[in-house]
Amino acid sequence: MQKTIISVKNLQKRYGTFEAVKGISFDVYEGEIFGLLGPNGAGKSTTLEIIETLREKTGGDVIVDGMNLDTEPDNIKRIIGVQLQSSGFYPGLTLIELIYLFGGLYNRQVKPMELLHLVNLEDKAKSKYKELSGGQKQRFSIATTLINQPKIVFLDEPTTGLDPQARRNLWELIKNIRSKGATVIITTHYMDEAEQLCDRIAILDEGKIIALASPDKLIDDLVATGFERPKQVKAANLEDVFISLTGKEIREE
Ligand code: ADP
Ligand code: MG
Numbered sequence: 104m105q106k107t108i109i110s111v112k113n114l115q116k117r118y119g120t121f122e123a124v125k126g127i128s129f130d131v132y133e134g135e136i137f138g139l140l141g142p143n144g145a146g147k148s149t150t151l152e153i154i155e156t157l158r159e160k161t162g163g164d165v166i167v168d169g170m171n172l173d174t175e176p177d178n179i180k181r182i183i184g185v186q187l188q189s190s191g192f193y194p195g196l197t198l199i200e201l202i203y204l205f206g207g208l209y210n211r212q213v214k215p216m217e218l219l220h221l222v223n224l225e226d227k228a229k230s231k232y233k234e235l236s237g238g239q240k241q242r243f244s245i246a247t248t249l250i251n252q253p254k255i256v257f258l259d260e261p262t263t264g265l266d267p268q269a270r271r272n273l274w275e276l277i278k279n280i281r282s283k284g285a286t287v288i289i290t291t292h293y294m295d296e297a298e299q300l301c302d303r304i305a306i307l308d309e310g311k312i313i314a315l316a317s318p319d320k321l322i323d324d325l326v327a328t329g330f331e332r333p334k335q336v337k338a339a340n341l342e343d344v345f346i347s348l349t350g351k352e353i354r355e356e
């Protein structure tokens with residue numbers, strides 16, 4: 104039996120008269136990587152930010168690790184790690200300085216080099232945030248979600264805009280975070296990413312959940328309806344060619 108760490112029931116969000124989230128329900132199990140998938144505008148970020156205590160909901164119930172979002176938002180904040188958009192970092196500070204700054208905010212002892220080692224950025228320790236490449240910024244922002252030693256890590260489209268090497272590298276990092284015992288909730292509109300990473304996914308469309316299961320189960324269900332790919336799939340795809348030609352190593356540094 105899986106233990107539920109997040110329970111969302113009939114969650115609703117209206118912006119004025121526009122209904123962005125239309126009464127969705129789902130559970131996230133402790134220790135899994137749970138994906139919220141969907142096209143732009145589906146309501147992924149809205150849902151995530153409500154659970155993160157950063158946005159007000161207009162209806163429904165959310166329980167995080169036994170705590171009700173309505174009554175204990177501050178206690179929920181203590182056990183979660185939230186990935187900030189890049190605008191959340193002082194561009195002129197070095198990575199070490201930023202980590203100490205976050206450590207102070209969370210009232211945590213930090214070991215900057217250990218944290219930077221986790222995300223493969225030790226050699227950038229004394230670089231300023233603004234000097235990092237896109238992939239390095241993403242990795243650093245994931246590192247900062249770990250400063251609070253969270254039970255649950257929230258990642259909103261962490262690999263959008265990255266090249267294939269940097270994406271694969273981030274997938275490894277996210278799996279590492281999970282293997283250390285954290286629960287991870289990730290949003291993405293990349294199906295390959297969801298298939299690679301997520302134990303279970305909810306597909307969100309226009310504010311409603313239209314499917315929720317493991318990637319395997321969803322594919323099997325589709326095949327069971329008689330679905331066949333129109334074209335024989337080759338044993339490799341263009342991304343495989345690209346990776347095979349240019350290598351798996353991160354190239355941005
Ligand atoms: P996703 O992350 O899946 O792309 P969002 O949760 O950001 O979707 O947005 C869902 C819908 O809500 C979109 O139609 C978006 O335009 C709308 N929306 C998001 N934030 C606001 C806001 N602050 N005010 C009004 N509408 C918003
Ligand atoms: Mg979004």
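Residue numbers for the sequence shown follow the working numbering, beginning at 104 and rising by one.
Cβ atoms here follow ideal geometry from the backbone N, Cα and C, with glycine treated the same way.
Give the straight-line distance between the Cα atoms of residue i and residue j, rounded to the nearest whole angstrom.
i           : j           : result
residue 318 : residue 157 : 29 Å
residue 273 : residue 193 : 23 Å
residue 231 : residue 207 : 19 Å
residue 307 : residue 241 : 24 Å
residue 321 : residue 314 : 8 Å
residue 187 : residue 329 : 43 Å
residue 191 : residue 138 : 24 Å
residue 339 : residue 303 : 25 Å
residue 176 : residue 155 : 9 Å
residue 134 : residue 283 : 9 Å
residue 275 : residue 337 : 25 Å
Run through the DSSP bridge pairs and tell me what residue i is partnered with.
i           : result
residue 122 : 117
residue 86  : Residue 86 lies beyond the range of the chain shown here (104 to 356); nothing can be said about it.
residue 311 : 308
residue 231 : 197
residue 316 : 304
Thinking residue i and residue j are a contact (beta carbons under 8 Å), I'd like their distance in whole angstroms, please.
i           : j           : result
residue 160 : residue 153 : 5 Å
residue 167 : residue 250 : Actually they are not in contact, since the Cβ atoms of residue 167 and residue 250 sit about 19 Å apart, beyond 8 Å.
residue 248 : residue 185 : 6 Å
residue 224 : residue 202 : Residue 224 to residue 202, Cβ: 10 Å. No contact.
residue 352 : residue 267 : 12 Å between Cβ atoms; not a contact.
So, are the CB atoms of residue i and residue j less than 8 Å apart?
i           : j           : result
residue 254 : residue 136 : no
residue 252 : residue 211 : yes
residue 238 : residue 285 : no
residue 278 : residue 258 : no
residue 310 : residue 106 : no
residue 140 : residue 316 : no
residue 243 : residue 213 : no
residue 290 : residue 114 : no
residue 112 : residue 149 : no
residue 171 : residue 292 : no
residue 288 : residue 131 : yes
residue 246 : residue 199 : no
residue 327 : residue 129 : no
residue 312 : residue 179 : no
residue 264 : residue 233 : no
Contained beta strand (DSSP E) runs [length at least 3] in the segment 243-306, N- to C-terminal order: Restricted to the segment 243-306, the beta strand (DSSP E) segments that are unbroken, complete and at least 3 residues in length are 255-259, 286-291, listed in chain order.
Uninterrupted alpha helix (DSSP H) stretches inside the segment 136-186 (no shorter than 4 residues): The qualifying runs are 147-154, 176-181.
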